[in-house]
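Q: The following block contains the structure, expressed as structure tokens.
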Amino acid sequence: MKTQTLLLLTFLFFSQSLMAQDKVKDFTLPAVGNQKPFVLSEAKGKYVALHFLLKTECPYCIRHTNDYVEETTDLKDVLQVFIKPDTEEEIKEWAENLDGDSFTIYRDVDAQLADELGIPDGYSFHNQLVHFPALILIGPDGKEVYRYIGKKNSDRLPVKDFMTVLEGLRK
């Protein structure tokens, strides 16, 4: 029994490692407002940090977005892509609480991209079941190189930890 459990855990570890190396299928996310949509294939040669935020009225999402926008502006080879599953109107109202407007919020309509990228759902938030908060980092070659899935609303990858991950990938 112990051998079977060990084999299963080893398989799961290696399958997760292999999954993180898969090339991410091209996708387009509509932007909120009159901004240009985000198209993954147009970001070739850059790192793309996909920040999957929770539904509207999430104060941790506001703080997380503000922190990343403020502390990563000097990263010319990284695109920060903030994604919410809400309607455009809900996102516009939510975005009024952000510190600046030098970035765009994108919509993951019906959480299709979150599903495609295997972000677990089932997190209870405002009496709804939603996907867990997550950050997926795609490398310049279009392959997923890192993922962080939060376990609760306040569980987000701090900017400092993101910078450490990025530094390790650049070596």
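Residues in the sequence shown are numbered consecutively from 678, following our numbering. Every residue, glycine too, gets a C-beta built ideally from N, C-alpha and C.
Suppose you measure from the CA of V755 to the CA of G722; what does that come to, to the nearest Å?
A: Position 78 of the sequence shown, counted from the first residue, corresponds to residue 755. Position 45 of the sequence shown, counted from the first residue, corresponds to residue 722. Whole-angstrom Cα-Cα distance: 9 Å.
Q: For the stretch 759 to 768 and the stretch 792 to 803, state whether three or more C-beta atom pairs, one from each stretch, are separated by less than 8 Å.
A: At 8 Å Cβ cutoff, the stretches do not touch.
Q: Out of R740, E766, K732, which one is the CA nearest neighbour of G710?
A: Taking the first residue of the sequence shown as position 1, residue 710 is located at position 33. Of R740, E766, K732, the residue nearest in Cα terms is E766.
Q: Under the rule that 16 or more other beta-carbon atoms within 10 Å means buried, what is V725, buried or exposed?
A: Position 48 of the sequence shown, counting from 1, holds the residue named residue 725. Buried, by the Cβ-count rule.
Q: Checking the sheet assignment: what are the DSSP bridge partners for A720?
A: By one-based count along the sequence shown, residue 720 stands at place 43. The partner list for A720 (beta bridge, DSSP) is empty, contrary to what the question assumes.
Q: Please specify which runs of the beta strand (DSSP E), each continuous and at least 3 residues long, are wholly inside the stretch 750 to 819, giving them in chain order.
A: Runs found: 755 to 761, 782 to 784, 798 to 802, 805 to 808, 811 to 815.
Q: Nearest by alpha-carbon distance to V836: which of H741, F809, C735, Q712 is it?
A: On the sequence shown, position 159 is the one that residue 836 refers to. The residue with the shortest Cα to Cα distance from V836 is H741.
Q: Would you check if the stretch 769 to 784 and the stretch 802 to 818 touch, i.e. whether three or more CB-CB distances between them fall below 8 Å?
A: No: the two stretches stay apart, fewer than three of their Cβ pairs being nearer than 8 Å.
Q: Measure the C-alpha to C-alpha separation of Y745 and F729 and round it to an integer number of angstroms.
A: As a position in the sequence shown, residue 745 is number 68, starting the count at 1. As a position in the sequence shown, residue 729 is number 52, starting the count at 1. Y745 and F729: Cα-Cα distance of roughly 13 Å.
Q: Classify R784: buried if its beta carbon has 16 or more other beta carbons within 10 angstroms, exposed otherwise.
A: Indexing the sequence shown from 1 puts residue 784 at position 107. The residue in question, R784, is buried, as its Cβ has 16 or more Cβ neighbours within 10 Å.
Q: Going by DSSP, name the residue or residues bridged to K700.
A: Here residue 700 refers to the residue found at position 23 of the sequence shown. Bridge partners of K700: K820.
Q: Using C-beta distances below 8 Å, list every residue in its chain close to P817, excluding the 5 sequence neighbours before and after it, in chain order.
A: For the purposes of this step, residue 817 is identified with residue 140 of the sequence shown, where counting begins at 1. For P817, where only same-chain residues beyond five positions count, the Cβ hits under 8 Å are K721, G722, K723, Y724, D754.
Q: Where do the ends of the alpha helix (DSSP H) carrying E748 lie?
A: Taking the sequence shown and counting its residues from 1, the one referred to as residue 748 is at position 71. E748 -> alpha helix (DSSP H) spans 736 to 748.
Q: Please report the distance separating the alpha-carbon of K769 from that of T733.
A: Position 92 of the sequence shown holds residue 769. Position 56 of the sequence shown holds residue 733. If I take the Cα positions, the gap works out to 10 Å.
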